[in-house]
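Just so you know, the sequences run in chain order A and B.
By our numbering, the letter at position 50 of the first sequence is numbered 50, and the numbering carries on one by one without gaps.
By our numbering, the letter at position 110 of the second sequence is numbered 110, and the numbering carries on one by one without gaps.
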Amino acid sequence: DQQVKQNSPSLSVQEGRISILNCDYTNSMFDYFLWYKKYPAEGPTFLISISSIKDKNEDGRFTVFLNKSAKHLSLHIVPSQPGDSAVYFCAASGWDSNYQLIWGAGTKLIIKP
Amino acid sequence: NAGVTQTPKFQVLKTGQSMTLQCAQDMNHEYMSWYRQDPGMGLRLIHYSVGAGITDQGEVPNGYNVSRSTTEDFPLRLLSAAPSQTSVYFCASSYGGLLEGYTFGSGTRLTVV
Numbered sequence: 001d002q003q004v005k006q007n008s009p010s011l012s013v014q015e016g017r018i019s020i021l022n023c024d025y026t027n028s029m030f031d032y033f034l035w036y037k038k039y040p041a042e043g044p045t046f047l048i049s050i051s052s053i054k055d056k057n058e059d060g061r062f063t064v065f066l067n068k069s070a071k072h073l074s075l076h077i078v079p080s081q082p083g084d085s086a087v088y089f090c091a092a093s094g095w096d097s098n099y100q101l102i103w104g105a106g107t108k109l110i111i112k113p
Numbered sequence: 001n002a003g004v005t006q007t008p009k010f011q012v013l014k015t016g017q018s019m020t021l022q023c024a025q026d027m028n029h030e031y032m033s034w035y036r037q038d039p040g041m042g043l044r045l046i047h048y049s050v051g052a053g054i055t056d057q058g059e060v061p062n063g064y065n066v067s068r069s070t071t072e073d074f075p076l077r078l079l080s081a082a083p084s085q086t087s088v089y090f091c092a093s094s095y096g097g098l099l100e101g102y103t104f105g106s107g108t109r110l111t112v113v
């Protein structure tokens with residue numbers, strides 16, 4: 001059973017608009033959440049992280065929101081740029097996973113010009 | 001600064017053959033790990049190491065061996081390749097912080113026929 005779920009396999013957004021990528025998790029023991037971006041034929045690249053003691057973390061155009069009661073996190077990208085077209089993975093860890101990352105299946109973001 | 005270097009980039013094996021995927025990092029990271037990525041799935045942890053001489057199993061360790069004799073190198077050995085091991089393999093490293101992103105290599109695409 002998937003502990004980290006990204007229910008949208010793909011998302012298409014107009015350049016300049018906001019992109020919102022969603023991630024749900026089932027394990028209430030997860031305390032650390034990370035987002036990665038991946039281009040074809042490359043390894044994932046770390047974007048931003050958040051711990052369970054916070055509900056928001058911001059880094060430039062990227063903001064991650066965490067709703068612990070709903071076991072839901074989201075990544076907002078504002079404004080979206082063509083270079084943001086990639087696959088985005090969320091990953092979580094906690095005591096239950098021995099602090100090793102459990103990954104979602106990814107969401108492919110396409111930024112339309 | 002090369003980061004994380006994986007070799008080879010591509011490999012075709014026959015069922016039953018063995019081989020070693022190489023991973024080296026030059027950032028003096030204590031933590032290193034191996035993942036596999038299959039279509040439609042997130043990354044799954046095979047083995048990891050928190051320092052030289054220390055290794056542990058991840059989610060999908062069967063059919064793979066690792067060793068960590070130096071901080072820099074973390075090779076992954078396939079003992080007797082099977083078609084189910086056809087996948088893209090990624091090596092990653094980090095200082096070990098739970099909110100710190102991993103640095104990934106560019107991956108090895110392995111096909112077992």
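Glycine included, each C-beta is placed from N, C-alpha and C at the ideal position.
Asked                                                                                                                                                                   : Found
Could you check how far apart the C-beta atoms of Arg109(B) and Lys9(B) are, in whole angstroms? I think they sit under 8 Å.                                            : 7 Å
Can you give me the start and stop residues for the beta strand (DSSP E) that Asp24(A) sits inside?                                                                     : Ser19 to Tyr25
For the putative contact between Thr71(B) and Val112(B), defined by C-beta atoms under 8 Å, what is the C-beta separation to the nearest angstrom?                      : About 30 Å separates the two Cβ atoms, so there is no contact after all.
Between which residues of its own chain and Lys108(A) is the CB-CB distance below 6 Å, once the five residues before and five after are set aside?                      : Ser10 and Val87
How long is the line joining the alpha carbons of Met19(B) and Ile18(A), rounded to whole angstroms?                                                                    : 45 Å
If you drop the 5 nearest sequence neighbours on each side, which residues of the same chain put their C-beta closer than 6 Å to that of Gly94(A)?                      : Met29, Phe30 and Asp31
Please list the partners that Tyr136(B) has in chain A, where partner means a Cβ-to-Cβ separation under 7 Å.                                                            : This structure gives no information on residue 136(B), because the portion of chain B shown stretches from 1 to 113.
CB-CB under 6 Å to Asn27(A), same chain, minus the five flanking residues each way: which ones, in chain order?                                                         : Gln3 and Asp96
Alpha carbon to alpha carbon, how far is Ala91(A) from Lys112(A)?                                                                                                       : 26 Å
At the level of alpha carbons, what is the spacing between Gly107(B) and Thr7(B)?                                                                                       : 8 Å
Which residues in the same chain as Val88(B) place their Cβ atom closer than 6 Å to its Cβ, once the five residues preceding and following it in sequence are excluded? : Gln37, Gly107 and Arg109
Any idea which residues DSSP pairs Gly51(B) with across the strands?                                                                                                    : Ile54(B)
In the stretch 83-103 of chain B, which residues sit with their C-beta less than 7 Å from some C-beta in chain A, listed in chain order?                                : Phe90, Leu98, Leu99, Gly101 and Tyr102
My output table needs one value for Asp84(A): the three-state DSSP class, helix, strand or coil.                                                                        : helix
Pick helix, strand or coil for Gly14(A), following the three-state DSSP scheme.                                                                                         : Residue identity differs from the one stated: residue 14(A) is Gln in this sequence, not Gly. In this structure, Gln14(A) counts as strand in the three-state DSSP scheme.
Buried or exposed, going by whether 16 or more other CB atoms sit within 10 Å of the CB of Ser80(B)?                                                                    : exposed
Out of Thr63(A), Asn67(A) and Val13(A), point me to the one whose CA is closest to Pro82(A)'s CA.                                                                       : Val13(A)
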